[in-house]
Amino acid sequence: MAKSFSIKRQPGFATIAMFCFFLLYLPIATLVVYSFNSGMSIATWEGFSFRWFESAWNNQQVVEASWRSLKIAAVAAIIATACATLAAIATTRTGPYRGLTFKYSVINMPLLVPEIVTAVALLILFSRVKVWTGYSGLGYLIVAHSAFCVPFAYMPIRARLESMDLSLEKAAADLYASSFQTFRYVTLPLLWPGILAGLMLAFVISLDDVVITEFVKSGGQDTLPTYMLGQLRRVVTPEMNAISTVFLVLSLAIVTLFFFLSREPQKNNE
Amino acid sequence: MVSPQDVSEQRQKKEIRDRWFLSAPALILILAASVGPLVIVLLYSFLAPGNYGDVKWEFSTEGWFNVLFSRDIFDDTVSLADAHFLIFWRSVKLAFATTIFCLIFGFPTAYFIATRAPHNRSLWLFLITIPFWTNMLIRTFAIQEVIRSEGIINTLLLKIGIISAPIQMMFTDFAIMLGMTYVFLPLMVLPLYASLEKLDFRLVEAGYDLYASRFGVLWRIVIPLVKPGIIAGSILVFVPALSSYVVPRVLGGGKNLMVGNLIELQFGQGRNWPLGAALSVTLVIIVLFAMLYYVRNASKSGGSAHG
Numbered sequence: 001m002a003k004s005f006s007i008k009r010q011p012g013f014a015t016i017a018m019f020c021f022f023l024l025y026l027p028i029a030t031l032v033v034y035s036f037n038s039g040m041s042i043a044t045w046e047g048f049s050f051r052w053f054e055s056a057w058n059n060q061q062v063v064e065a066s067w068r069s070l071k072i073a074a075v076a077a078i079i080a081t082a083c084a085t086l087a088a089i090a091t092t093r094t095g096p097y098r099g100l101t102f103k104y105s106v107i108n109m110p111l112l113v114p115e116i117v118t119a120v121a122l123l124i125l126f127s128r129v130k131v132w133t134g135y136s137g138l139g140y141l142i143v144a145h146s147a148f149c150v151p152f153a154y155m156p157i158r159a160r161l162e163s164m165d166l167s168l169e170k171a172a173a174d175l176y177a178s179s180f181q182t183f184r185y186v187t188l189p190l191l192w193p194g195i196l197a198g199l200m201l202a203f204v205i206s207l208d209d210v211v212i213t214e215f216v217k218s219g220g221q222d223t224l225p226t227y228m229l230g231q232l233r234r235v236v237t238p239e240m241n242a243i244s245t246v247f248l249v250l251s252l253a254i255v256t257l258f259f260f261l262s263r264e265p266q267k268n269n270e
Numbered sequence: 001m002v003s004p005q006d007v008s009e010q011r012q013k014k015e016i017r018d019r020w021f022l023s024a025p026a027l028i029l030i031l032a033a034s035v036g037p038l039v040i041v042l043l044y045s046f047l048a049p050g051n052y053g054d055v056k057w058e059f060s061t062e063g064w065f066n067v068l069f070s071r072d073i074f075d076d077t078v079s080l081a082d083a084h085f086l087i088f089w090r091s092v093k094l095a096f097a098t099t100i101f102c103l104i105f106g107f108p109t110a111y112f113i114a115t116r117a118p119h120n121r122s123l124w125l126f127l128i129t130i131p132f133w134t135n136m137l138i139r140t141f142a143i144q145e146v147i148r149s150e151g152i153i154n155t156l157l158l159k160i161g162i163i164s165a166p167i168q169m170m171f172t173d174f175a176i177m178l179g180m181t182y183v184f185l186p187l188m189v190l191p192l193y194a195s196l197e198k199l200d201f202r203l204v205e206a207g208y209d210l211y212a213s214r215f216g217v218l219w220r221i222v223i224p225l226v227k228p229g230i231i232a233g234s235i236l237v238f239v240p241a242l243s244s245y246v247v248p249r250v251l252g253g254g255k256n257l258m259v260g261n262l263i264e265l266q267f268g269q270g271r272n273w274p275l276g277a278a279l280s281v282t283l284v285i286i287v288l289f290a291m292l293y294y295v296r297n298a299s300k301s302g303g304s305a306h307g
C-alpha cells in the first residue's frame, strides 16, 4: 500500500544528504583522477598516463618510507591485537568486579587524550630513553603505535566476545578440557573474525598516523604520511596524487574486508 | 573444614586474579606509552627551560607564567601574552564553527541514512565510513587541491569568467574550518545515526496526528529524542578539532596557528619545553571539561528517559 504522506520525510534532508556524499567524495575523486595526469599540474588535465606512478615507484625515499610504514603497522597491529584480545577476554562475560571500570578507562584513554599532547609526551619520554640506552631504532615508533592502536583493536574483539555466550566453554570444561585447551579449541576459533577485524583496524590506524610519528621519529625514519607532510610544503606534482591513490586503494581494500568480517555475526543471528 | 562457600569464594578470587593477569599487557603498554607520559608533561611544565631545548632540573613556574604573560627580553616588563590568547581563541572559535557545520550537514545525512530500508543502511553507512578510514593527511591534501589558487574551484570559476583573479582560499581561517569540517564529518554522522536509528517513529506519527507541522515534529519531537547523539557527535568533533595539528599546518600555512601548532613550536624553533608542556596541560584540561560536560548531560538525559 502506497502512502501519500510519509511520516519519515523531512523536506530538503535527502538533498542535503546527497550534497554531503557528493562533497565527501569530490576531493578524493579529483585527487585520484589527477594522479593519472600526464602533465606537471594537479589542476589542468593534459592527458592520461601512468608516469607519476612510475616516478613514485622509482623514488627511493617514497619506497623506503612505504616499507617502513608497512613494517611498523604490521608489527604494531600484531602487538596491539594480542594485548587487546587478552584484555577483551579479561573484561567481558563477567559480573562487575573491582578494577573493571579502571581497566575500561585505561584502555579507552588513548582515544580521549589529544594526539598532539601524547606526541609531545612521548617526545619527552623517548628523548630521555634514547640518551640512557643509546638505542634509536624503529622500536620507539612501534611501541608508540602499538599503544594507541590497542583501543581500536579492542572494540571489535569485545563486541564479538559479548555476542558469544559461555555455554560452549562450559561444555568443554565439563568434558575435562584444560583452560588452555578450551581457549585454543573453543574460544579462539569463535573469536577469530573479531580478532581479524581488530587487527585490520589497528593496521589502518597505525598506517594513517601522522602526529605521533612526526614527533617520535628520529632522523631518517620517515613513514609515508610524515614524508608526505614534509612534501606538502613544497610545490606539489601529481606524484603526490599517485602515492595517495595507492595508499587510498590499500586502505579501502582493508576497510572493505573489515566491513564484511564484522557483518558476519549478524548474518548468523538471522 | 572447607565449606562450599569458601571454595566458590576462592575460585572467584582466582578468577579475578587471572583477569588482571590477562589484561596486564594492554594496561602496561597504554600506561607506559600513551597515558603515563602525560605525568611527565605535567612535571615538565613546572621546570625551567634549558638553553638549547629540553629542561633544567629546577622548580619553576615560568612555563605557566608564559602561558598567560610574556616578559620583554630587554626591560623585563610583563604584558599579557596576546598571541597565546589569540591562538586559543581562534582554536575554540574554529572548533566551534566546525562542530556547527558538521551538525548542519551531518544531521540531515544521518537522518537520511536512518530512514532508508534496513538492508540498505549499512551500505550508506559504509559510504560515510570510507573517507573516515582513509588517511587524514590525504584528505587534507585533497581539500588543498580543491581550494588552491590553481585548484579546481578557481580554475573552473576563471574559465566560466565569474572571477578575473583567483580567490585566495588557502592559508585562511576559512580553509582550516572547511578542512576540519570535511575531515571530522563522519565523527558527527556516526553517533547521530546510532541515536536516530533507535528513534520510535510512532511518536512522530502521534505528533502528526496532533496536527504538528513537519518542522514542529523535527524541532519538538525528533531533536529532543536524539539529543544524546547530538551531544556525543558534537564532542567527538569538537575535541579533535580543538587539538587539530595537521589541518591547520597544511591549510593554514605558517600564520594561522591553532593550539596544536603553538605547542609544536615550543618544541621546535621556540625551544621552550616547559611552556610547551604547560600549553599541553591547558589543552588537556579544556578537553576534560568538554568531556565532563558530555558525561553529565548524557547521564541527565538518560535519567529523564526513564522518568
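Top to bottom, those sequences are chains C and G. For the first sequence, full-length UniProt numbering gives the first residue as 1, with consecutive numbering after it. For the second sequence, full-length UniProt numbering gives the first residue as 1, with consecutive numbering after it. Note that the Cβ used here is the ideal one computed from N, Cα and C, for glycine as well. These figures come from a predicted structure and were not determined experimentally.
Alpha helix (DSSP H) runs contained entirely in the segment 173-212 of chain C, provided each spans 4 or more residues: 179-182, 188-208
Would you please verify whether the beta carbon of C/I157 is less than 8 angstroms from any beta carbon of chain G? no
contact_flag[the segment 132-148 of chain G, the segment 23-34 of chain C] where n(CB pairs < 8 angstroms) is 3 or more: yes
Limits of the beta strand (DSSP E) - the one that C/A84 falls within: Where C/A84 is concerned, there is no enclosing beta strand (DSSP E), although the alpha helix (DSSP H) it sits in stretches over 60-91.
With distance defined between alpha-carbon atoms, name the residue in G/L196, G/Q266, G/N135 nearest to G/N51. G/Q266
Does the Cβ of C/P156 have 16 or more other Cβ atoms within 10 Å, making it buried, or fewer, making it exposed? buried
Sequence-distant residues of its chain with Cβ nearer than 7 angstroms to G/W57 (five each side left out): L47
The alpha helix (DSSP H) that contains G/K13, what's its start and end? 4-30
Per-residue contacts from G/W133 into chain C (C-beta, under 9 angstroms): L201, V204, I205, D208, S251, L252, I254, V255, F258
Euclidean distance between Cα positions of C/K3 and G/A117: With a pLDDT of 49 at C/K3, under the threshold of 50, the modelled position of that residue is not reliable, and no figure is offered here.
Entirely within the segment 137-222 of chain G and at least 3 residues each: give me those beta strand (DSSP E) ranges in chain order. none
Indicate whether C/W52 and C/N241 have their beta-carbon atoms separated by less than 8 angstroms. yes
Within 10 Å of its beta-carbon, does G/N120 have 16 or more other beta-carbons around it, so buried, or fewer, so exposed? exposed
Along chain C, which residues have their Cβ under 7 angstroms away from the Cβ of G/L275? The premise fails here: G/L275 is roughly 11 angstroms from chain C at the closest Cβ pair, so nothing lies under 7 angstroms.
Just by C-beta distance, which residues in the segment 26-43 of chain C are closer than 8 angstroms to chain G? L26, P27, I28, T30, L31, Y34, S41, I42, A43
For a contact meaning CB atoms closer than 9 angstroms, what does C/K103 contact in chain G? R19, W20, S23, A26, L27
Pull out every residue of the segment 154-179 of chain G whose Cβ sits closer than 7 angstroms to any Cβ of chain C, in chain order. T155
Among the candidates G/F101, G/N154, G/R214, whose CA atom is the shortest distance from the CA of G/A241? G/F101
Minimum Cβ-Cβ distance from G/A33 to chain D less than 8 angstroms: Reference to chain D is not applicable here, since the protein chains of this structure are C and G.
Classify C/E214 as buried or exposed, calling it buried when 16 or more other Cβ atoms lie within 10 Å of its own Cβ. buried
8 angstroms CB neighbourhood of G/L187 in its chain, flanking five on each side removed: C102, F132, G233, L236, V237, P240
Below 9 angstroms on C-beta distance, what does C/Y176 contact in chain G? Within 9 angstroms Cβ-Cβ: nothing; C/Y176 doesn't reach chain G, min ~17 angstroms.
Beta-carbon within less than 8 angstroms of C/Q231's beta-carbon, same chain only, minus the 5 sequence neighbours each way: which residues are those? M240
Leaving out five residues before and five after G/G307 in sequence, what residues of the same chain have Cβ atoms less than 7 angstroms from its Cβ? The pLDDT assigned to G/G307 is 30, lower than 50, so where the model puts this residue is not dependable; a value taken from the coordinates is nonetheless given after this. Closer than 7 angstroms at the Cβ level, and outside the excluded window around G/G307, lies no residue.
Would you identify the three-state DSSP class for G/L83, choosing helix, strand or coil? The sequence as given places Ala at residue 83 of chain G; Leu does not occur at that position. Correct three-state label for G/A83: helix.
For C/A153, which residues from the same chain have a beta carbon less than 7 angstroms from its beta carbon, with the 5 sequence-adjacent residues on both sides left out? A80, T81, A84, G198, L199, L201, A202
Going by the CB atoms, is the gap between G/W273 and G/D54 shorter than 8 angstroms? yes
Check the Cβ of C/Q221 against every Cβ in chain G and list those closer than 8 angstroms, keeping chain order. Residues of chain G passing the Cβ test: none, with the nearest at roughly 17 angstroms.
Residue-chain proximity (C/K8, chain G), Cβ-Cβ < 8 angstroms: yes
So, using beta-carbon positions, are G/I230 and G/Y294 closer together than 8 angstroms? no
Proximal chain G residues relative to C/M228, where beta-carbon distance stays under 8 angstroms: L137, I138, F141
Just checking my contact of C/A119 with C/V211 at CB under 8 angstroms: how many whole Å lie between their CB atoms? 5 angstroms
Provide the residue(s) that pair with G/N51 in DSSP beta bridges, ordered along the chain. G/G53
Cβ of C/S146 within 8 angstroms of any chain G Cβ: yes
Straight-line gap, C/I107 to G/W20 (C-alpha atoms, nearest Å): 13 angstroms
Could you check what DSSP says for G/V78 in three-state terms: helix, strand or coil? strand
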